[in-house]
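Visitor: One structure is given below, represented as structure tokens, and several questions about it will come after.
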Amino acid sequence: MHFILAQNPAVGIPDNEIHYFDADDPVAHPDFLFVEKDRLDWFDARAGNADNLAWYASRFAPFQDAGAIGEDSTTYLLSESAPPRIKALLPEVKLIFLLRDPVKRAHSQYWHLMRTARLACSFEEALTRHSSIILGSTYVPALKRYLDLFGPDQVHIAVFEDFLKDQQGFVDTMTDYIGVPRMSLETAETWFNRTLYPRNPGLLRLANRVGSRIVRRRYRNHMGQRKSVGERVHNKIHYYWFQYVNPRLLTEPKSPPMRDDTADYLAQHLSARNAGLSDLLGRDLSLVWRGFEG
45 MHFILAQNPA VGIPDNEIHY FDADDPVAHP DFLFVEKDRL DWFDARAGNA
95 DNLAWYASRF APFQDAGAIG EDSTTYLLSE SAPPRIKALL PEVKLIFLLR
145 DPVKRAHSQY WHLMRTARLA CSFEEALTRH SSIILGSTYV PALKRYLDLF
195 GPDQVHIAVF EDFLKDQQGF VDTMTDYIGV PRMSLETAET WFNRTLYPRN
245 PGLLRLANRV GSRIVRRRYR NHMGQRKSVG ERVHNKIHYY WFQYVNPRLL
295 TEPKSPPMRD DTADYLAQHL SARNAGLSDL LGRDLSLVWR GFEG
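Okay, here's the thing in structure tokens:
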């Protein structure tokens with residue numbers, strides 16, 4: 045959706061996720077915090093930090109003439125610290141939350157973490173070690189936080205499977221909501237960042253034991269504030285690993301399938317975590333998401 049809306053001349057969106065409002069959240073972003081000589085180093089996302097606020101504002105500098113500017117940072121829904129910060133800085137903001145089948149979303153996050161070398165374990169092991177995978181698919185309490193703060197007029201909740209059925213109608217609803225001219229998808233690209241997966245998951249897990257050491261330091265400089273020689277050297281190592289080594293292990297167009305018993309577990313557990321979601325959206329989501337009972 046980011047890629048599609050960015051093709052609208054009236055919309056300005058920075059290329060990458062920014063994560064300004066939750067950069068200090070150890071659940072959403074453990075890779076953004078690090079310890080040196082027993083000292084915790086973290087990004088101060090409070091509005092009173094003028095330098096960091098200026099960094100956030102600078103991300104939108106190229107879009108001064110756009111009718112609407114925005115960002116997409118997927119972890120804002122997961123983070124409990126992000127909503128009040130967004131409200132304090134951008135009280136009139138219009139928010140869009142795009143939900144998908146929570147079981148498939150959890151599996152997708154796992155493979156994202158695997159492709160970026162931040163995990164080196166099976167999906168089942170990841171579920172027991174990395175709470176963000178489950179919390180990221182726990183929609184109801186997170187959505188209620190935003191609805192309570194901003195009200196229904198500023199919160200648009202959409203379902204990804206609706207986009208798959210009617211892309212033009214779905215995008216028209218988005219552009220109408222944010223108040224920009226509609227765009228024709230006949231001349232727009234609608235597929236971006238095609239994902240590849242490992243032919244041999246075990247080999248990728250083995251490689252990630254090395255890659256995780258490289259990627260761990262990369263995310264501590266997400267805001268680009270460290271300019272030392274050591275940081276530049278590390279950036280080059282990161283570039284070569286993910287440009288030449290990592291891609292050799294990612295060759296398949298589809299992810300390895302989830303175990304049926306794992307899918308059954310997640311369907312019942314995430315249904316319980318999302319109890320009331322159908323009522324919140326005013327539709328029976330069991331007709332959309334297989335095994336969902338919320």
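Under our numbering, residues 45 to 338 are what the sequence shown spells out, in order. Here a beta-carbon is modelled for each residue, glycine too, at the ideal position from N, C-alpha and C. Owing to the predicted nature of the structure, the values given are computational and were not obtained by experimental measurement.
Looking only at its chain, what residues have a beta carbon closer than 7 Å to the beta carbon of L294, apart from the 5 residues adjacent to it on each side?
Guide: If we look at L294 and ignore the five residues flanking it on each side, its Cβ neighbours are R159, L240, Y241, P242.
Visitor: Where does I201 fall in DSSP's three states?
Guide: Note: I201 maps to strand in three-state DSSP.
Visitor: If you reduce the DSSP assignment to three classes, tell me which class G335 lands in.
Guide: Reduced to three states, the DSSP call for G335 is coil.
Visitor: List the whole-angstrom C-beta distance separating L324 from L179, where the pair is believed to meet the contact cut-off of C-beta under 8 Å.
Guide: Not a contact, Cβ separation roughly 18 Å.
Visitor: Could you check where the alpha helix (DSSP H) with R317 kicks off and where it finishes?
Guide: Segment 304-317, the alpha helix (DSSP H) holding R317.
Visitor: Pull the bridge partners of I140 from the DSSP assignment, please.
Guide: DSSP output for I140 lists H200 as bridge partner(s).
Visitor: Does the count of Cβ pairs from the region 189-200 and the region 140-149 closer than 8 Å reach three?
Guide: Flag = yes, the region 189-200 and the region 140-149 touch.
Visitor: Do three or more CB pairs link the region 102-110 to the region 154-171 at distances below 8 Å?
Guide: Cβ pair count under 8 Å is below three, so no.
Visitor: Between G114 and I57, how many whole angstroms is the CB-CB distance? I'm expecting something under 8 Å.
Guide: Rounded, the Cβ-Cβ distance is 6 Å, consistent with contact.
Visitor: Could you give the residue range of the beta strand (DSSP E) that holds D216?
Guide: From DSSP, D216 is part of no beta strand (DSSP E) but of the alpha helix (DSSP H) over 211-222.
Visitor: Tell me whether R83 sits in a helix, a strand or coil according to DSSP, three-state version.
Guide: It is a strand residue.
Visitor: Would you call the region 246-258 and the region 219-238 in contact, with 3 or more CB pairs under 8 Å?
Guide: Taking 8 Å as the limit for Cβ pairs, the verdict is that the region 219-238 does not touch the region 246-258.
Visitor: Taking C-beta to C-beta, are S343 and L163 nearer than 9 Å?
Guide: This structure cannot settle anything about residue 343, because the visible part of the chain is limited to 45 through 338.
Visitor: Are there 16 or more other CB atoms within 10 angstroms of the CB of D69, so buried, or fewer, so exposed?
Guide: Label assigned to D69: buried.
Visitor: Between N52 and M227, is the Cβ-Cβ spacing less than 9 Å?
Guide: For N52 and M227, yes; Cβs fall inside 9 Å.
Visitor: Based on DSSP bridge pairs, tell me the residues matched to F78.
Guide: In DSSP, F78 forms a bridge with D85.
Visitor: Please state whether DSSP places H92 in a helix, a strand or coil.
Guide: Before going further, note that residue 92 is Gly rather than His in the sequence given. G92: coil per DSSP, three-state reduction.
Visitor: Per DSSP, what kind of secondary structure is L324 in: helix, strand or coil?
Guide: Three-state DSSP puts L324 in a helix.
Visitor: Based on the DSSP secondary-structure assignment, which residues constitute the bridge partners of L294?
Guide: Paired residue(s): P242.
Visitor: Quick test of your reading: G335 and A311, contact by CB under 8 Å. State the CB separation rounded to the nearest angstrom.
Guide: Going by Cβ atoms, the distance from G335 to A311 rounds to 3 Å, so yes, they are a contact pair.
Visitor: To the nearest angstrom, report how far apart N93 and W99 are at their CA atoms.
Guide: Taking the straight line joining both Cα atoms gives about 10 Å.
Visitor: Going by DSSP, which residues form a beta bridge with G56?
Guide: Bridge partners of G56: I113.
Visitor: Relative to the C-alpha of A161, which candidate in T231, L121, H282, D216 has its C-alpha closest?
Guide: Selected option, being the one with the closest Cα: H282.
Visitor: Can S123 and Q153 be called in contact, C-beta distance under 9 Å?
Guide: It is not a contact, given that the beta carbons lie outside the stated cut-off.
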